[in-house]
Amino acid sequence: MQKFGTYIFGRNPVLEALNEPERIEKIFIEYGSRGHAINNIIIKAKKNKIPCTIIDKKKFVEHLNEVPSDKINHQGVIAILKLYENLSLEELLNKTYDNNKYPILIILDSIYDPHNLGAITRTAECAGASGLIITEKNSSPITATAIKASSGALHHIPISKVKNLLNCIEKLKASGYWIYGTSDKGTTIYTDKIYDRPIALIIGNEGKGISPSVIKNCDYVISIPIKGKTQSLNASVSTGIILYEILRQRNL
Numbered sequence: 057m058q059k060f061g062t063y064i065f066g067r068n069p070v071l072e073a074l075n076e077p078e079r080i081e082k083i084f085i086e087y088g089s090r091g092h093a094i095n096n097i098i099i100k101a102k103k104n105k106i107p108c109t110i111i112d113k114k115k116f117v118e119h120l121n122e123v124p125s126d127k128i129n130h131q132g133v134i135a136i137l138k139l140y141e142n143l144s145l146e147e148l149l150n151k152t153y154d155n156n157k158y159p160i161l162i163i164l165d166s167i168y169d170p171h172n173l174g175a176i177t178r179t180a181e182c183a184g185a186s187g188l189i190i191t192e193k194n195s196s197p198i199t200a201t202a203i204k205a206s207s208g209a210l211h212h213i214p215i216s217k218v219k220n221l222l223n224c225i226e227k228l229k230a231s232g233y234w235i236y237g238t239s240d241k242g243t244t245i246y247t248d249k250i251y252d253r254p255i256a257l258i259i260g261n262e263g264k265g266i267s268p269s270v271i272k273n274c275d276y277v278i279s280i281p282i283k284g285k286t287q288s289l290n291a292s293v294s295t296g297i298i299l300y301e302i303l304r305q306r307n308l
């Protein structure tokens, strides 16, 4: 089990994170920030004995400069999180089978945009996915931007970072998972499959999709019909459509 740390910013994401106070190391609030959410952050931080400091703009900006993000809508609050747990693949598999007869894992193949990483995670967590698998390379790191885009979902879903996606797929198959790739070139419409089994759903980036070597190792490659002139859906939208079809078939 490895660990990694990060930041979050924005009033609602920090409030969401405070639902699991053990994850938060400290909170900084910019002097002059007001409102119901700010008051709640201060109250919850005090209740959970989390250091919450109101600092002037200069010091706040100094802390903000440490955040690995290009565009920051901080809303006057930033939280520093304690180290995250990055489960090994084996730990993730044990955890998923403990909680679900037919777990669903989401695998991200070359998702570089932290906004997409966050949005997909939010969708997956809402749909009850058992875990998220991302590659150590060729993917967005879990940054403050990703956490904000996930609306806190990255705090709730188990995560495993893997070095080699093909080796990961091989281990998943050996553990009883069926591998479903998503592609606009897929020969099977997503509603035509039956999902009564452990599933690993692979989502590729919006530009190139799933890499050819990964496609070759999928048990099925499914697609979502496109009726308009736009050639593809947003990755998080595609994820949601397929996940909720799985839930529909399983009677939610």
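Residue numbers (our numbering): 57 to 308.
By construction, the Cβ of each residue, glycine as well, lies at the ideal position given by its N, Cα and C atoms.
All figures in this text were calculated on a predicted structure; none of them were measured in a lab.
The alpha helix (DSSP H) enclosing residue i, as first and last residue numbers
| i | result |
| --- | --- |
| residue 182 | 170-182 |
| residue 296 | 291-305 |
| residue 120 | 113-120 |
| residue 103 | 92-103 |
| residue 282 | Here residue 282 belongs to no alpha helix (DSSP H), and DSSP marks it neither H nor E. |
| residue 227 | 221-230 |
| residue 217 | Taken as a continuous stretch (DSSP letters only), residue 217 belongs to no alpha helix (DSSP H), being part of the beta strand (DSSP E) at 215-218. |
| residue 209 | Premise fails: residue 209 is in no alpha helix (DSSP H) and is neither H nor E. |
Where the beta strand (DSSP E) containing residue i begins and where it ends
| i | result |
| --- | --- |
| residue 185 | Segment: none, residue 185 is in no beta strand (DSSP E) and carries neither H nor E. |
| residue 161 | 160-165 |
| residue 85 | 80-86 |
Buried or exposed (CB count within 10 angstroms, at least 16 for buried), residue i
| i | result |
| --- | --- |
| residue 81 | exposed |
| residue 281 | exposed |
| residue 63 | buried |
| residue 211 | buried |
DSSP beta-bridge partners of residue i
| i | result |
| --- | --- |
| residue 65 | 134 |
| residue 261 | 265 |
| residue 108 | 83 |
| residue 237 | 258 and 277 |
| residue 201 | Beta-bridge pairing links residue 201 to no other residue. |
| residue 271 | Looking at the DSSP assignment, residue 271 forms no beta bridge with any residue, so it has no partner. |
Through-space distance from residue j to residue i, alpha-carbon basis
| i | j | result |
| --- | --- | --- |
| residue 100 | residue 252 | 42 Å |
| residue 157 | residue 227 | 18 Å |
| residue 271 | residue 265 | 10 Å |
| residue 178 | residue 113 | 31 Å |
| residue 104 | residue 200 | 22 Å |
| residue 246 | residue 276 | 10 Å |
| residue 108 | residue 74 | 12 Å |
Whole-Å CB distance - residue i paired with residue j, under 8 Å assumed
| i | j | result |
| --- | --- | --- |
| residue 232 | residue 258 | Not a contact, Cβ separation roughly 17 Å. |
| residue 230 | residue 262 | Not really, about 31 Å apart at Cβ, beyond 8 Å. |
| residue 169 | residue 196 | 6 Å |
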